[in-house]
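Q: Let me begin by handing over the structure; questions about it come next.
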Amino acid sequence: MKRIVQTATVLCVTASFCFNTVFAADVKTNANSWAVKNVQKTVELGIMPQSLAYDALADITKEELCILAINFYNMYTDKSAKPTINNPFSDTDFEMNILAYELGIMSDVSNGKFEPTKKVTREQLAVVIYKTMSACGINISGSYDRKFADETDISDSAKIGVNFVVSNGIMSGSGNYFNPKVNVTKEQAATAFLNAYNTVTSQPININGKSIYIGDSEDKVISVFGKPQRIDNTMYGYNRYIYNSDYKNLVMIGIKNGKVVDVYTSSENGHYENIKIGEKFSSGGNKYDYDEEINKAVMYDNFVKMEIYCDVNTGEVYSIKISDKKENYSRDVSNYTESLESHIGKEIFDIINGERAKRDIELLLWDDKVSLSAENHSEDMVKNKYLEYNNKDGKTPFERMNDTGVTFNFAAETISKVSGDVFDVMGDIMSNVGKRGNILGTSMDKAGVGVGSESLNIYVTIDMYKS
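Heads up: take any position in the sequence shown, counting from 1, add 18, and you land on my numbering.
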């Protein structure tokens, strides 16, 4: 059963930015120490031209602000936009000024004059950022409860812009004052546009002191995590890089066309934004769905889908999967090959050991004989369309293990059927007291996992024993 929980969401957007080839270290600026990195980053991103960075302490003009706004617009929309209207101004023929006017970004004009060298105030910057993001198609919203001491000094026409930048952390006041009529320097404008950029870009997935972003390159993955211990197939048709040398920090990274499309981790030091493994799940006030059968919360931010697997007993997060929101994750039945089934089995085994490692329980050893027993049972359940521990011939798990040459003093079996990814199998197991007790028990030391598939369903058998 799924439960939908609704609260407020702010600034929902999906985007892909194109980057310049300028590197921050190459940017020359006279900005104050607090703003140097901000100015350098906006030049690196292509928002601020190097020519403006040289004199970052000077007040910014309307024309210079238009350059930042249009560069942001072109970068966000992946366009090289040009004005389509006739020039309505007598004092400028600069294309970015005309385009900013046409897009509704810069509307502070009168009597056919643009006044390109006029200085820009803080409230005007707020309005321009608000209108730039609106022109980009960003669903802009937000409100703030705080009242500035100089609230009455904010022009009525600027209040919507000020409201937006303050509520989304793009601009703030000084003390209890917004100072709406004070001129803005180039370094301040760069910082505000960088803050705007940061509100619509993905955040890093942090794993034991290492960070990876959705959209990072395969080379970046290898530079951060090294070569994977294994590369698996997935039901989505792309590869999954498995990092299981340290089960306490297990990581699985989906790579499609050389780019990261999803990241799964059960690392005890893993987190994404405010979602931290080992802590109680909190939505942070955002809307989410909750699948009570596998205790999984599903949330979206501007760029990613978050699947958060929670402990049924404590409500603590034990693993997360972060996926590219733009990706089409359709499963193709043609991908469900013997190779895929084998890889699913190995991934389930890794995830089980990941949970055992975090609890300081002895790791399981893979056993081919018991794995064959598990595989035979999963395939039999697919063939004969059932989900039971005893097969249609009445054989128990223990009899079936004996049939494949397994000798044991203690043994146990866990079965699962899901229409989803490997991680949902673990969600099903961890949400059932008996199944959970089996995989996290201390009396077994060897295991094997067998997988069968029918349509888009996967049948899983986990056999465990101790000699």
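Beta carbons are placed, not taken as given, at the ideal position from N, Cα and C, and that holds for glycine.
Check each candidate in S461, S152, V316 and D174 and name the one with the smallest Cα separation from G302.
A: Taking the sequence shown and counting its residues from 1, one reaches residue 302 at position 284. Measuring from the Cα of G302, the nearest candidate turns out to be V316.
Q: Could you check the C-alpha separation between D168 and T135 for me, to the nearest Å?
A: As a first step, residue 168 is located in the sequence shown; it is residue number 150 there, counting from the start. As a first step, residue 135 is located in the sequence shown; it is residue number 117 there, counting from the start. In a straight line, the C-alpha of D168 is about 27 angstroms away from that of T135.
Q: Out of T414, I178, G452 and T217, which one is the CA nearest neighbour of P198?
A: One-based indexing of the sequence shown puts residue 198 at position 180. When each option's Cα is compared against that of P198, the closest is I178.
Q: Are the Cβ atoms of N157 and F132 separated by less than 9 angstroms?
A: In the sequence shown, the residue the question calls residue 157 occupies position 139. In the sequence shown, the residue the question calls residue 132 occupies position 114. Result no, Cβ atoms of N157 and F132 do not sit closer than 9 angstroms.
Q: Residues bridged to L70 by DSSP?
A: To locate residue 70, count along the sequence shown from 1; it is residue 52. Paired residues: none, contrary to the question.
Q: I'd like to confirm the pairing. Which residues does DSSP put opposite C84 in its beta bridges?
A: On the sequence shown, residue 84 is found 66 positions in, with the first residue counted as 1. Paired residue(s): none; C84 is not in a bridge.
Q: Count the other C-beta atoms from every protein chain shown that fall within 10 angstroms of the C-beta of F428, then say buried if there are 16 or more, exposed otherwise.
A: Here residue 428 is taken as the residue at index 410 of the sequence shown, counted from 1. Its Cβ having fewer than 16 others within 10 Å, F428 is exposed.
Q: Using a Cβ-Cβ cut-off of 7 angstroms (strictly less than) and excluding sequence neighbours within five positions of R349, which residues of its own chain qualify?
A: The residue given as residue 349 occupies position 331 in the sequence shown. Only M253, Y254 and L474 meet the Cβ criterion.
Q: What are the boundary residues of the alpha helix (DSSP H) that includes D386?
A: Within the sequence shown, numbered from 1, the residue matching residue 386 stands at position 368. Segment D386 to N402, the alpha helix (DSSP H) holding D386.
Q: Using CA coordinates, which residue listed in F112, D234, I338 and A176 is at the minimum distance from F441?
A: Counted from its first residue, the sequence shown places residue 441 at position 423. When each option's Cα is compared against that of F441, the closest is I338.
Q: With a 10 Å radius around its C-beta and 16 neighbouring C-beta atoms as the bar for buried, classify K17 as buried or exposed.
A: The chain is shown only over 19 to 485; residue 17 falls outside these bounds and no answer can be derived.
Q: Alpha carbon to alpha carbon, how far is C84 from Y336? Give it in angstroms, no decimals.
A: One-based indexing of the sequence shown puts residue 336 at position 318. One-based indexing of the sequence shown puts residue 84 at position 66. Answer to the nearest angstrom: the Cα atoms are 47 angstroms apart.
Q: Would DSSP call T102 helix, strand or coil?
A: Residue numbering aside, residue 102 sits at position 84 when the sequence shown is read from its first letter. Three-state DSSP puts T102 in coil, outside helix and strand.
Q: Do you know offhand how far N48's Cα is from N56's?
A: Residue 48 sits at position 30 when you count from the first residue of the sequence shown. Residue 56 sits at position 38 when you count from the first residue of the sequence shown. So the alpha carbons of these two residues sit roughly 12 angstroms apart.
Q: Under 8 angstroms by Cβ, that's how I've got T486 and S449 pegged, so tell me the actual separation to the nearest angstrom.
A: Residue 486 lies beyond the stretch modelled for the chain, which goes from 19 to 485, so this question has no answer here.
Q: So, under 8 angstroms CB-CB, T150 and Y91 are touching, yes? Tell me the CB distance rounded to an integer number of Å.
A: Taking the sequence shown and counting its residues from 1, the one referred to as residue 150 is at position 132. Taking the sequence shown and counting its residues from 1, the one referred to as residue 91 is at position 73. About 6 angstroms separates the two Cβ atoms, so the contact holds.
Q: Could you pull out every unbroken alpha helix (DSSP H) segment of at least 4 residues lying fully inside the stretch 185–265, listed in chain order?
A: Counting whole runs of 4 or more residues, the stretch 185–265 contains the alpha helix (DSSP H) stretches 204–217 and 236–243.
Q: Quick test of the definition: if touching needs 3 or more C-beta pairs under 8 angstroms, does the stretch 234–245 touch the stretch 263–281?
A: With a cut-off of 8 angstroms, the stretch 263–281 and the stretch 234–245 count as touching, because enough Cβ pairs lie within range.
Q: Take L75 and list the residues in its own chain whose beta-carbon comes closer than 8 angstroms to its own, dropping the five residues that flank it on each side.
A: Looking up residue 75 in the sequence shown gives position 57. Here the set comprises N48, A49, N50, T203, K204 and E205.
Q: Quick check: the Cα distance between T39 and I172, rounded to an integer number of angstroms?
A: As a working mapping, residue 39 is identified with position 21 in the sequence shown. As a working mapping, residue 172 is identified with position 154 in the sequence shown. Below a pLDDT of 50, predicted positions are generally treated as unreliable, and T39, at 46, falls in that range; no measurement from the model is reported.
Q: Taking the DSSP output, what are the residues bridged to V281?
A: Here residue 281 is taken as the residue at index 263 of the sequence shown, counted from 1. In DSSP, V281 forms a bridge with I271 and I340.
Q: Would you grab the beta carbon distance between T432 and N456 for me? Rounded to a whole angstrom, and I think it's under 8 angstroms.
A: In the sequence shown, counting from the first residue as 1, residue 432 sits at position 414. In the sequence shown, counting from the first residue as 1, residue 456 sits at position 438. Confirmed, about 5 angstroms.
Q: For the alpha helix (DSSP H) that contains K359, what are its first and last residues?
A: Against the sequence shown, residue 359 aligns to sequence position 341. At residue 359 the sequence reads Glu, which differs from the Lys that was named. Segment E356 to K376, the alpha helix (DSSP H) holding E359.
Q: Quick one: what's got a C-beta closer than 6 angstroms to V330's C-beta in the same chain, skipping five residues either side?
A: Reading the sequence shown from its first residue, position 312 is the one you call residue 330. Cβ neighbours of V330 beyond the five flanking positions: N313 and S449.
Q: Grouping DSSP H, G and I as helix and E and B as strand, with all else coil, what is E417?
A: Position 399 of the sequence shown, counted from the start, is the residue given in the question as residue 417. Three-state result, E417: helix.
Q: Which term fits S69, buried or exposed, when burial requires 16 or more other beta carbons within 10 angstroms of its beta carbon?
A: Counted from its first residue, the sequence shown places residue 69 at position 51. Under this definition S69 is an exposed residue.
Q: When DSSP labels each residue in this structure, what does E406 get in the three-state scheme?
A: Walking along the sequence shown from the start, residue 406 turns up at place 388. Coil at E406, not helix or strand.
Q: Report the rounded CA-to-CA distance for M66 versus G445, giving the unit in angstroms.
A: One-based indexing of the sequence shown puts residue 66 at position 48. One-based indexing of the sequence shown puts residue 445 at position 427. Computed Cα separation, rounded: 47 angstroms.
Q: Under 8 angstroms: do the stretch 356–375 and the stretch 453–469 share three or more Cβ pairs, one atom per stretch?
A: Result yes; three or more Cβ-Cβ pairs closer than 8 angstroms.
Q: Given that a residue counts as buried once 16 or more other Cβ atoms are within 10 Å of its Cβ, and exposed if not, what is G452?
A: As a first step, residue 452 must be located in the sequence shown, where it is residue number 434. Classification of G452: exposed, given that the 10 Å Cβ count is below 16.
Q: If you follow the beta strand (DSSP E) that A176 is part of, which residue opens it and which one closes it?
A: Mapped onto the sequence shown, residue 176 falls at position 158. Here A176 belongs to no beta strand (DSSP E), and DSSP marks it neither H nor E.
Q: Once the 5 residues before and after P415 are set aside, which same chain residues still bring their CB inside 6 angstroms of it?
A: In the sequence shown, the residue the question calls residue 415 occupies position 397. Only Y407 and E431 meet the Cβ criterion.
Q: Any idea what DSSP makes of M462, helix, strand or coil?
A: The residue you call residue 462 lines up with position 444 of the sequence shown. In this structure, M462 counts as coil in the three-state DSSP scheme.
Q: Tell me whether I326 is buried or exposed, calling it buried when 16 or more other Cβ atoms sit within 10 Å of its Cβ.
A: Reading the sequence shown from its first residue, position 308 is the one you call residue 326. So I326 counts as buried.
Q: Mind checking who G288 pairs with in its DSSP beta bridge?
A: As a working note, residue 288 is residue 270 in the sequence shown. G288 is bridged to I225.
Q: Taking the alpha-carbon of A153 as reference, which of I476, S185, T95 and E380 has the nearest alpha-carbon?
A: For the purposes of this step, residue 153 is identified with residue 135 of the sequence shown, where counting begins at 1. The shortest Cα separation from A153 among I476, S185, T95 and E380 belongs to T95.
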